[in-house]
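Structure record follows, encoded as structure tokens.
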Amino acid sequence: MEAIMSPLPFGIDISKHQGTNDYAKMKATTSFVLVKATESWGYTDPMFFANWNGLVGHNRGAYCYVWLSDDPLRQANHLIDIVTQAGVDWKYDRLVLDLEKSGHGLSRAEVTRRVLVMMERIKEVTGRYPILYSRKYWVQDNMLLTDSRLINADWWLAYYRTALPYPLFTPEMPPPPLLPNGVSKWLFHQTCERGKGREVGVGSYYVDQNRFNGTR
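Numbering (my numbering), first residue to last: -11 to 204.
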């Protein structure tokens, strides 16, 4: 399988699973890094503070892995509180909602309502709506895309090749990602889940890779 390199700015997303990282190398080899901060309303990624502070001065975003069955306002406030504690400049740093966990029987209308509650709370504090991470078919199966706030959201969409078996690395899927019906633009494309970790300064063997739909 021949790798096709995209000219779009390259970045990665990280969490505790990357272990101990070389932030100087990470900054030198990426244009941006998206960092796991929280999960639901009571969990903080144990590597978040180290990762976030190691990336001071770099393009960075902090994400919450959303539990749709839990209180959306508590989840939004937890994300805001943790990132504020770590140090943040809302003019540059972005928050992200990671939407991929099952809604446990919630209707599409209720899932949509809860996501919008989180979006509005984040905008109230930061001045901007969060980036929304998901994938085409999850969004179509779990949400109603009739609200302009979702149609025009800053979408970060996963769409990549089937992962090759360890210890092989999987080439990136060239942009663009598959878009949910009704969505016409995207901000980030998660292009690969088994990129070369060592090349970008992470402690893990594999790392997720992404492209930004713009310039550096």
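Think of the CB as a built atom: it goes at the ideal place given N, C-alpha and C, for glycine as much as any other residue.
Less than 7 Å between C-beta atoms, sequence neighbours within five positions excluded: which residues of the same chain meet that for residue i?
| i | result |
| --- | --- |
| ASP58 | SER28, TRP29 |
| VAL113 | ILE68 |
| PRO34 | LYS4 |
| ASP86 | TYR51, CYS52, TYR53, VAL54, TYR121 |
Apart from the five residues on each side of it in sequence, which residues of its chain come closer than 8 Å, Cβ to Cβ, to residue i?
| i | result |
| --- | --- |
| THR18 | PHE(-2), GLY(-1), ILE0, HIS46, VAL188 |
| ALA97 | LEU132 |
| VAL71 | ALA25, TRP40, ALA50, ASP81, LEU83 |
What does DSSP give as the partner residue(s) for residue i in the beta ladder?
| i | result |
| --- | --- |
| TYR23 | Residue identity differs from the one stated: residue 23 is Val in this sequence, not Tyr. Answer is ILE2, ALA50, bridged to VAL23. |
| PHE176 | TRP144, PHE200 |
| SER122 | LEU145 |
| VAL195 | GLY183 |
| TYR117 | Note: TYR117 sits in no beta bridge, so no partner. |
| GLU32 | Before going further, note that residue 32 is Thr rather than Glu in the sequence given. DSSP lists THR26 as partners of THR32. |
Is it right to say residue i is buried, meaning 16 or more other beta carbons lie within 10 angstroms of its own, or is it exposed?
| i | result |
| --- | --- |
| GLN73 | exposed |
| LYS4 | exposed |
| ASN140 | exposed |
| PRO155 | exposed |
| ARG186 | exposed |
| GLY115 | exposed |
| LYS15 | buried |
| ARG102 | buried |
So residue i packs on residue j, CB below 8 Å; how close in whole Å?
| i | j | result |
| --- | --- | --- |
| TYR125 | TYR51 | Wrong, their Cβ atoms sit about 20 Å apart, outside the cutoff. |
| ARG48 | ASP81 | 6 Å |
| ILE119 | ASP142 | 5 Å |
| GLY191 | THR8 | 4 Å |
| LYS89 | TYR147 | Wrong, their Cβ atoms sit about 18 Å apart, outside the cutoff. |
| LEU145 | PRO165 | 4 Å |
| VAL105 | PRO60 | 4 Å |
| GLY202 | TYR194 | With a Cβ gap of about 26 Å, GLY202 and TYR194 do not count as contacting. |
Return yes when the C-beta of residue i is under 7 Å from any heavy atom of the ligand PLP, and no when it is not.
| i | result |
| --- | --- |
| GLY75 | For the ligand PLP, the structure offers nothing, since it holds no ligand at all. |
Here's a check: name, in chain order, each residue in its chain whose Cβ is nearer than 6 Å to the Cβ of residue i, leaving out the five neighbours to either side.
| i | result |
| --- | --- |
| ARG62 | TRP29 |
Could you give the uninterrupted runs of the beta strand (DSSP E) lying entirely in the segment 58 to 138, keeping only those of 3 residues or more? Taken in chain order, the whole beta strand (DSSP E) runs of length 3 or more contained in the segment 58 to 138 are 82 to 86, 119 to 122.
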